[in-house]
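Student: To start, I am sharing the structure in question, which I have written as C-alpha coordinates.
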Amino acid sequence: MQKSNQRLNTFISEITSGEASSIPSGEEDAEKRIWSGEIAEINEATFSFYEKGSAGAPKMMQDHWFILSDAKLVDQPGILFWRDGDQYFARCLDQDQWDKFIKAAKVNKKFW
(Lines of atoms letter the chains of each structure in order from A and count residues from 1; the text may use other names and numbers.)
(Lines give C-alpha, C1' and ligand atoms only; values in the text may rest on other atoms or scores of the structure.)
Protein backbone atom coordinates (compact mmCIF):
# COMPACT_ATOMS: atom_id res chain seq x y z
CA MET A 1 0.00 0.00 0.00
CA GLN A 2 1.46 3.34 -1.07
CA LYS A 3 1.36 6.38 1.19
CA SER A 4 -1.14 8.96 -0.06
CA ASN A 5 -0.14 12.43 -1.22
CA GLN A 6 -2.20 15.44 -2.28
CA ARG A 7 -0.69 15.78 -5.75
CA LEU A 8 -1.39 12.13 -6.52
CA ASN A 9 -4.91 12.36 -5.10
CA THR A 10 -5.59 15.40 -7.30
CA PHE A 11 -4.28 13.61 -10.40
CA ILE A 12 -6.40 10.52 -9.71
CA SER A 13 -9.46 12.68 -9.11
CA GLU A 14 -8.96 14.51 -12.41
CA ILE A 15 -8.16 11.46 -14.54
CA THR A 16 -11.16 9.52 -13.20
CA SER A 17 -13.62 12.37 -13.81
CA GLY A 18 -15.82 12.37 -16.86
CA GLU A 19 -18.25 10.22 -18.75
CA ALA A 20 -17.59 6.50 -18.97
CA SER A 21 -18.54 4.17 -21.77
CA SER A 22 -21.12 1.83 -20.29
CA ILE A 23 -20.90 -1.94 -20.46
CA PRO A 24 -22.54 -3.08 -23.72
CA SER A 25 -25.17 -5.78 -23.40
CA GLY A 26 -23.58 -9.19 -23.81
CA GLU A 27 -19.99 -7.92 -23.64
CA GLU A 28 -17.62 -10.78 -22.87
CA ASP A 29 -14.31 -8.92 -23.17
CA ALA A 30 -13.85 -5.30 -22.06
CA GLU A 31 -10.23 -5.02 -23.23
CA LYS A 32 -10.98 -3.03 -26.38
CA ARG A 33 -12.82 -0.37 -24.38
CA ILE A 34 -10.16 -0.40 -21.64
CA TRP A 35 -7.33 0.14 -24.15
CA SER A 36 -9.22 2.96 -25.91
CA GLY A 37 -7.87 5.57 -23.49
CA GLU A 38 -11.38 6.61 -22.56
CA ILE A 39 -13.01 5.86 -19.22
CA ALA A 40 -14.62 2.43 -19.50
CA GLU A 41 -17.10 1.03 -17.02
CA ILE A 42 -16.26 -2.61 -16.34
CA ASN A 43 -17.93 -5.32 -14.30
CA GLU A 44 -16.76 -6.49 -10.88
CA ALA A 45 -15.41 -9.77 -12.26
CA THR A 46 -13.12 -7.93 -14.70
CA PHE A 47 -11.95 -5.54 -11.96
CA SER A 48 -11.26 -8.43 -9.59
CA PHE A 49 -9.42 -10.40 -12.28
CA TYR A 50 -6.89 -7.59 -12.68
CA GLU A 51 -6.83 -6.59 -9.01
CA LYS A 52 -5.95 -10.13 -7.91
CA GLY A 53 -2.99 -10.25 -10.29
CA SER A 54 -4.41 -12.71 -12.81
CA ALA A 55 -2.81 -10.64 -15.60
CA GLY A 56 0.27 -9.69 -13.59
CA ALA A 57 0.61 -8.05 -10.21
CA PRO A 58 -0.62 -4.46 -9.87
CA LYS A 59 2.33 -2.06 -9.73
CA MET A 60 0.76 0.35 -7.26
CA MET A 61 -2.40 0.11 -5.14
CA GLN A 62 -4.31 2.51 -2.94
CA ASP A 63 -7.72 2.50 -1.30
CA HIS A 64 -9.98 2.47 -4.36
CA TRP A 65 -7.58 2.23 -7.32
CA PHE A 66 -4.58 0.38 -8.72
CA ILE A 67 -2.18 0.58 -11.65
CA LEU A 68 -1.51 -2.37 -13.91
CA SER A 69 1.34 -2.48 -16.40
CA ASP A 70 3.00 -5.38 -18.15
CA ALA A 71 5.97 -3.18 -19.05
CA LYS A 72 9.27 -3.69 -17.27
CA LEU A 73 10.20 -0.02 -17.54
CA VAL A 74 8.40 2.47 -15.33
CA ASP A 75 8.25 5.09 -18.11
CA GLN A 76 5.90 2.95 -20.25
CA PRO A 77 2.18 3.68 -19.72
CA GLY A 78 -0.16 1.38 -17.85
CA ILE A 79 -3.85 1.10 -17.01
CA LEU A 80 -5.61 2.72 -14.08
CA PHE A 81 -8.43 0.69 -12.51
CA TRP A 82 -10.73 2.17 -9.86
CA ARG A 83 -14.04 1.69 -8.13
CA ASP A 84 -16.65 4.19 -7.09
CA GLY A 85 -19.19 2.60 -4.79
CA ASP A 86 -20.48 -0.45 -6.63
CA GLN A 87 -19.22 0.67 -10.06
CA TYR A 88 -15.86 -0.28 -11.56
CA PHE A 89 -13.81 1.51 -14.19
CA ALA A 90 -10.58 1.31 -16.17
CA ARG A 91 -8.61 3.70 -18.36
CA CYS A 92 -5.44 3.13 -20.32
CA LEU A 93 -3.26 6.18 -19.77
CA ASP A 94 -1.47 7.84 -22.68
CA GLN A 95 2.18 8.88 -22.36
CA ASP A 96 1.41 12.42 -21.17
CA GLN A 97 -1.06 11.18 -18.55
CA TRP A 98 1.42 8.48 -17.50
CA ASP A 99 4.25 10.99 -17.10
CA LYS A 100 2.00 13.12 -14.88
CA PHE A 101 1.03 10.04 -12.86
CA ILE A 102 4.67 8.97 -12.34
CA LYS A 103 5.59 12.49 -11.22
CA ALA A 104 2.59 12.81 -8.89
CA ALA A 105 3.20 9.34 -7.45
CA LYS A 106 6.87 10.19 -6.91
CA VAL A 107 8.04 7.02 -8.62
CA ASN A 108 11.79 7.41 -9.01
CA LYS A 109 12.89 3.96 -10.09
CA LYS A 110 13.53 2.87 -13.67
CA PHE A 111 12.17 -0.68 -13.47
CA TRP A 112 9.06 -2.07 -11.76
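Residue 414 is where the sequence shown starts when you use this note's numbering, and the numbers rise one by one after that. Just so you know, even glycine gets a beta-carbon here, dropped at the ideal spot from N, CA and C.
Whose C-beta lies closer than 7 Å to the C-beta of W495 among residues of the same chain, with five residues either side of it excluded?
Tutor: Here the set comprises T429, H477, W478 and F502.
Student: Skipping 5 residues on each side, what residues in its chain have a beta carbon closer than 7 Å to that of L574?
Tutor: Only positions 414 to 525 of the chain appear in this structure, which leaves residue 574 out of reach.
Student: In whole angstroms, what separates the C-alpha of D499 from that of A433?
Tutor: Those two C-alpha atoms are separated by around 14 Å.
Student: Hey, out of E454, N521, K522 and D488, whose CA is closest to D509's CA?
Tutor: Of the listed residues, the one whose Cα sits closest to D509 is D488.
Student: Could you check how far apart the C-beta atoms of F524 and L486 are, in whole angstroms? I think they sit under 8 Å.
Tutor: Indeed, because the Cβ distance is near 6 Å, the residues count as touching under 8 Å.
Student: Distance, Cα to Cα, K513 vs F424?
Tutor: One C-alpha to the other measures close to 8 Å.
Student: When DSSP builds the beta bridges, which residues end up paired with R496?
Tutor: For R496, which the question treats as bridged, DSSP gives the partners Y501.
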